[in-house]
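**Q**
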Amino acid sequence: MSSLIRLPEGSVCWPVAALSSAAQDVRHAQTRITRSGDSAPFLSGTTRWERRYADMLAWVEWNWVEMDEGTVVQADPLNVRSNVLLLDECGRPLLSSRRRATLATLVYLLPWQGAVLDELRQSAPQRRVPVGAAAPMRLAA
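For the record, in the sequence shown the residue sitting at position 14 is 1108 according to the working numbering, with numbers rising by one throughout.
Below, the structure is given as structure tokens:
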């Protein structure tokens, strides 16, 4: 059995020890906005961040949702997609669960909400929440 790891085309190996310093160099690349219909007051989408690493381009992306006007959150903090294979201090790939948690930490370190909100402002500067859309539902006793 071979000990070599076969990486998908375009994958980047990234030492997990370099995560905090690498986070300073990760830059916003793209934010896509998904409109779920004319009647939906809030939006969702995907944002992608990139960093040059050696001669490769490392990227991470995740889905976000608008909770209120001016407030965006990750749709699923443990569902960060990436072409990065994170390596432990011995140069071995991280287990899937630790990789997910580490990528979630990277997202936490990034100023991504500002970039997404800037895209939302540029795409629909006159967008308003319909009257009554944000009102809480009351249940009958």
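Backbone N, C-alpha and C fix where the C-beta goes; we use that ideal spot for every residue, glycine too. In this text, all values refer to a predicted model and were calculated from it rather than measured experimentally.
Going by DSSP, which residues form a beta bridge with glutamate 1160?
**A** DSSP lists Val1166 as partners of glutamate 1160.
**Q** Quick check: what's the CA-CA separation for glutamate 1183 versus methionine 1161?
**A** One C-alpha to the other measures close to 38 angstroms.
**Q** Can you say whether alanine 1111 is buried or exposed, counting buried as having 16 or more other CB atoms within 10 angstroms of its CB?
**A** Flag for alanine 1111 reads exposed.
**Q** Closer than 6 angstroms by C-beta to arginine 1175: which residues in its own chain qualify, once you throw out the five before and the five after it? Chain order, please.
**A** The residues are Glu1155.
**Q** Among the candidates Val1178, Ala1152, Val1159, whose CA atom is the shortest distance from the CA of arginine 1126?
**A** Arginine 1126 has its Cα closest to that of Val1159, out of Val1178, Ala1152, Val1159.
**Q** Please list, in chain order, all residues of the same chain as glycine 1164 whose beta carbon is under 8 angstroms from its beta carbon, the five residues on each side excluded.
**A** For glycine 1164, where only same-chain residues beyond five positions count, the Cβ hits under 8 angstroms are Leu1211.
**Q** Which class does valine 1106 belong to by DSSP, given the choice of helix, strand or coil?
**A** Valine 1106 falls in the strand class under three-state DSSP.
**Q** Out of Asp1170, Ala1209, Thr1199, state which residue places its alpha-carbon closest to the alpha-carbon of leucine 1113.
**A** Taking only the C-alpha atoms, the option nearest leucine 1113 is Thr1199.
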